[in-house]
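Reviewing the structure listed below.
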Ligand code: UTP
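In my numbering, the protein residues as written are 85 to 492.
In structure tokens, the structure reads:
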């Protein structure tokens, strides 16, 4: 793209300021900026008028979870079925590590965070060790996809290399980068993070599927006959990944997706709750739960909206092709966005200063036909690390790990 083509593209959307420093840049910088302008989809900016308006939800109804009593009763059946699926090479794991981890406040990828007390115990290490339990049990090297972002890709790959993949077989690990979206101020004006770069951020936790396809990795799914993908967040250091019972229960239920859920600690706990929306699987956010929904009871007299999601889903790969990006709403999210000010100094704001654009996994679930919410025990499988201290923090996760017998 030439400078004048770039100017045309930008002026049609009122963003000419992106070229403010163009003439000062060296040739490499000019080229990098032109390429970014050419490759960026600026149509997302038109969504800022929807900020704060919610996405217009349908009618919610409860979706019963498979609870512990049934799972314990059918444990052998689920376990055997799951082991068969895994041993046949039909299961992959996909680590979502594209996020920015802004709340944790470290410049490194979140997975590099060391939660150890007497020895180093990195978040990535905890995850790989959890997966290795299943590898040993089934004698099968499960394919592991790691989604990074443009911002943390090299650091993530280098870290895995340096730590010798924490004992995982390196030829079973594939890294790929998540697509990025531009970020803007409250008036829709694009932020610049450097004189030669528009501010960008990863396009949300549902960006994994389209990014994977764009990277050509769906070929691995077909070539290796992978039918199930366990997609999970980087920050839950206790979760079991591709555990045979979950895989078996989901496969036997014949659903499009299995979702690990935990019993809510209180009716108003701040977690998304698995439900139906207009008859299709969905997630209702805690702030969308009406008083009636919080008080609604199921046939056993238990709360009907009682199971929160923990961002660990087992997707049936053949049905993912039906998930189209176009049909997924774009969420306009207020965030802290680093930018260069009028004097070209980099500013790292300490409160939100604009919008990022994200696609969320809940919208992906909603496009699928059926879902099995599968109950796991919170104390054994849910230790999210979002903040340095307090709720969902390094501190709280350490306590949960210790109670679970993990040496830190
Ligand atoms: P969070 O929504 O908690 O975001 O991500 P985050 O980036 O880790 O942290 P904050 O909000 O900036 O503090 C939940 C999971 O989804 C992944 C994260 O890496 C984490 O595993 N994620 C999130 C992505 O892979 N890409 C994204 O664009 C967003």
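Beta carbons are placed, not taken as given, at the ideal position from N, Cα and C, and that holds for glycine.
Per DSSP, the bridge partner or partners of residue i
i	result
residue 38	Because residue 38 is not part of the residues shown, which for the chain are 85 to 492, the question remains open.
residue 424	430
residue 189	For residue 189, which the question treats as bridged, DSSP gives no partner whatsoever.
residue 225	Partner(s): none; residue 225 has no beta bridge.
residue 284	266
residue 276	282
residue 385	According to DSSP, which records beta bridges pairwise, residue 385 is partnered with nothing at all.
residue 392	346 and 357
residue 456	342
residue 257	228
residue 475	Residue 475 is not bridged to any residue.
residue 144	361
residue 313	176 and 399
residue 480	Per DSSP, none; premise fails for residue 480.
Host alpha helix (DSSP H) of residue i (start-end)
i	result
residue 61	Absent from the model: residue 61. The displayed extent of the chain is 85 to 492, so no value can be given.
residue 371	Element bounds for residue 371: n/a, residue is neither H nor E.
residue 122	111-123
residue 241	237-246
residue 450	445-450
residue 297	291-298
residue 305	302-308
Under the three-state DSSP convention, the category residue i falls into
i	result
residue 87	helix
residue 175	strand
residue 325	coil
residue 413	coil
residue 150	strand
residue 197	coil
residue 397	strand
residue 365	strand
residue 108	helix
residue 96	coil
residue 486	helix
residue 379	helix
Under 7 Å between C-beta atoms of residue i and residue j
i	j	result
residue 192	residue 325	no
residue 216	residue 492	no
residue 289	residue 180	yes
residue 224	residue 331	no
residue 450	residue 340	no
residue 274	residue 417	no
residue 283	residue 121	no
residue 163	residue 266	no
residue 395	residue 317	yes
residue 313	residue 178	yes
residue 173	residue 233	no
residue 473	residue 465	no
residue 116	residue 280	yes
residue 348	residue 390	yes
residue 100	residue 362	no
residue 146	residue 388	yes
residue 335	residue 460	no
residue 315	residue 397	yes
residue 244	residue 299	no
residue 415	residue 444	yes
residue 185	residue 171	no
Whole-angstrom distance between residue j and residue i, CA atom to CA atom
i	j	result
residue 307	residue 98	46 Å
residue 206	residue 86	45 Å
residue 219	residue 226	7 Å
residue 354	residue 407	27 Å
residue 476	residue 187	11 Å
residue 129	residue 271	10 Å
residue 262	residue 294	9 Å
residue 442	residue 229	21 Å
residue 350	residue 256	41 Å
residue 108	residue 114	9 Å
residue 357	residue 323	18 Å
residue 197	residue 427	34 Å
residue 253	residue 386	45 Å
residue 149	residue 161	18 Å
residue 211	residue 458	20 Å
residue 305	residue 154	31 Å
residue 400	residue 104	47 Å
residue 360	residue 377	12 Å
residue 430	residue 462	41 Å
residue 222	residue 413	39 Å
residue 403	residue 287	22 Å
residue 448	residue 141	14 Å
residue 292	residue 419	21 Å
residue 311	residue 302	11 Å
residue 392	residue 352	11 Å
Enclosing beta strand (DSSP E) for residue i [first to last residue]
i	result
residue 441	438-442
residue 206	Counting along the chain, residue 206 falls outside any beta strand (DSSP E), and DSSP gives it neither H nor E.
Residue i Cβ short of 6 Å to the ligand MN heavy atom set
i	result
residue 364	This structure does not include the ligand MN; its bound ligands are the ligand UTP.
Residue-chain proximity (residue i, chain D), Cβ-Cβ < 7 Å
i	result
residue 439	Looking at the structure shown, chain D is missing, and only one protein chain is on hand.
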